[in-house]
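Chemist: The structure that follows is given in the form of structure tokens.
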Amino acid sequence: MEETAIETLKTLGLTEYEAKAYVAVVGLGMSTAREIHEKSGVPQGRIYSVLSSLVQKGYVEIQDGKPAYYHSDNPGVVINQARVHLKEAIEETENYLNNLHYDTKPPSPFWTIHSEWGIKSRFKTLIQNAEKEIIFFVSDPKVFLKYVNDIKKAKRKVDIEIYAEDKNDFAGTNLRINEFNERTHRFGEEMKIRSPDLETGIDVGFFAIIDESSGLLVGRLDEKPFGNLFRMPGFCFMLKSFMQTLNDNKY
Numbered sequence: 006m007e008e009t010a011i012e013t014l015k016t017l018g019l020t021e022y023e024a025k026a027y028v029a030v031v032g033l034g035m036s037t038a039r040e041i042h043e044k045s046g047v048p049q050g051r052i053y054s055v056l057s058s059l060v061q062k063g064y065v066e067i068q069d070g071k072p073a074y075y076h077s078d079n080p081g082v083v084i085n086q087a088r089v090h091l092k093e094a095i096e097e098t099e100n101y102l103n104n105l106h107y108d109t110k111p112p113s114p115f116w117t118i119h120s121e122w123g124i125k126s127r128f129k130t131l132i133q134n135a136e137k138e139i140i141f142f143v144s145d146p147k148v149f150l151k152y153v154n155d156i157k158k159a160k161r162k163v164d165i166e167i168y169a170e171d172k173n174d175f176a177g178t179n180l181r182i183n184e185f186n187e188r189t190h191r192f193g194e195e196m197k198i199r200s201p202d203l204e205t206g207i208d209v210g211f212f213a214i215i216d217e218s219s220g221l222l223v224g225r226l227d228e229k230p231f232g233n234l235f236r237m238p239g240f241c242f243m244l245k246s247f248m249q250t251l252n253d254n255k256y
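For the sequence shown, counting from 1, position 32 maps to 37 in this note's numbering; every step adds exactly one.
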């Protein structure tokens, strides 16, 4: 537990020596630099400068004398103040970065992602920011089911539509599945025959359209994770309308 406390203190801005010395001061109570050095393992040649730094930062108080004594009466208050300062610093940094614009080219509407973590992170951000609807066209249920927990969370606030080959592949998920109809199958086969040049080597897991503005294709390319994100509202609207019309048995 002591190691965890030291690591946490380091995230709050203390050096490793400062964190070790502070833990020793809290544990010992009123104590001398020698006692803190012996308890913490901070080198004797560094202990005074480390304690002086802790005093300046407000973590430790000093009682002058020969020898001087150090103590920290209420570590909870001190830690909470450090937490507040860290939170403020994070918020200031976030605001700065969000408003930082160098003289660069506008972002591309297409992004390719080649890591499992990157794809999952981008997917989670997209569905968390969805405001109205998310539509999924699923080719490989195994890939889709890796994301099912995040999809269920999104279902609480936006409409979810899922189109797939066989709804039995999604048993136990409590998700409503629209099965591809015969016309959709025929279209897919015709595309393979008429446009062999469109074969990309991508094994598509699923394709998602978010709020008619963004799309994310998730699959594998050369047996490696592959994601393609694009932000083209016109294209997303057209693709959504086409796929839904194709799969509508009324037509």
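Every residue, glycine too, gets a C-beta built ideally from N, C-alpha and C.
Assuming Tyr22 is part of the beta strand (DSSP E), what are its boundary residues?
Modeler: Per DSSP, Tyr22 belongs to no beta strand (DSSP E); it is in the alpha helix (DSSP H), Glu21 to Leu33.
Chemist: Which residue or residues does DSSP assign as beta-bridge partners of Ala169?
Modeler: According to DSSP, Ala169 bridges with Glu184.
Chemist: Pull up the CB-CB distance for Ile52 and Val60, whole angstroms please, since I reckon it's below 8 Å.
Modeler: In fact, because the Cβ distance is near 12 Å, the residues do not count as touching under 8 Å.
Chemist: Which of helix, strand or coil does DSSP assign to Lys158?
Modeler: Helix at Lys158.
Chemist: Quick one: is Tyr101 buried, meaning 16 or more other Cβ sit within 10 Å of its Cβ, or exposed?
Modeler: Flag for Tyr101 reads exposed.
Chemist: Return the residue from the list Lys44, Leu91 and Lys172 that minimises the CA-CA distance to Phe185.
Modeler: With distances taken between Cα atoms, Phe185 lies closest to Lys172.
Chemist: Would you mind giving the Cβ-Cβ distance between Pro188 and Leu244, rounded to the nearest angstrom? I have them listed as a contact below 8 Å.
Modeler: Note on residue identity: the sequence assigns Arg, not Pro, to residue 188. Taking C-beta atoms under 8 Å as the contact rule, Arg188 and Leu244 fail to qualify, at a distance of about 16 Å.
Chemist: So what's Val209 in DSSP terms, helix, strand or just coil?
Modeler: strand
Chemist: For Phe192, tell me which candidate among His42, Met248 and Lys92 has the shortest Cα-Cα distance.
Modeler: Met248
Chemist: Using a Cβ-Cβ cutoff of less than 6 Å, which residues in the same chain neighbour Leu222 once the five nearest sequence positions on both sides are dropped?
Modeler: Phe212 and Asn233
Chemist: Per DSSP, what kind of secondary structure is Pro146 in: helix, strand or coil?
Modeler: helix
Chemist: Secondary structure at Arg236, three-state DSSP: helix, strand or coil?
Modeler: coil
Chemist: CA-CA distance, Leu203 and Asn104?
Modeler: Confidence at Leu203 is low in this model, with a pLDDT of 48, below 50, so its placement is unreliable and no value can be given for it.
Chemist: Do the region 128–135 and the region 159–168 meet, that is, are 3 or more Cβ pairs less than 8 Å apart?
Modeler: yes
Chemist: Using the C-alpha atoms, what's the distance from Glu217 back to Lys229?
Modeler: 28 Å
Chemist: Which residue's Cα is closest to the Cα of Asp227: Gly18, Phe235 and Asp208?
Modeler: Asp208
Chemist: Give me whichever residues DSSP pairs with Lys229 in a beta bridge.
Modeler: Within the DSSP bridge table, the entry for Lys229 names Leu226 as partners.
Chemist: How long is the line joining the alpha carbons of Glu7 and Met35, rounded to whole angstroms?
Modeler: 19 Å
Chemist: Considering Glu121, what are the terminal residues of the alpha helix (DSSP H) in which it resides?
Modeler: Glu121 to Gln133
Chemist: Which residues does DSSP pair with Asp164 in a beta bridge?
Modeler: Glu138
Chemist: With the cut-off set at 7 Å, would you say Asp145 and Gly220 are in Cβ contact?
Modeler: Remark: C-beta atoms of Asp145 and Gly220 do not approach each other more closely than 7 Å.
Chemist: Just reading off the beta strand (DSSP E) that Thr117 is part of, what are its end residues?
Modeler: Residue range Phe115 to Ile118 is occupied by the beta strand (DSSP E) that includes Thr117.
Chemist: What residue does the beta strand (DSSP E) around Glu12 start on, and which one ends it?
Modeler: Here Glu12 belongs to no beta strand (DSSP E); instead the alpha helix (DSSP H) covers Glu7 to Thr16.
Chemist: Using 10 angstroms around the beta-carbon of Phe5, count the other beta-carbons present and answer buried if the total reaches 16, otherwise exposed.
Modeler: Here the chain comprises residues numbered 6 to 256, so residue 5 is not present and cannot be evaluated.
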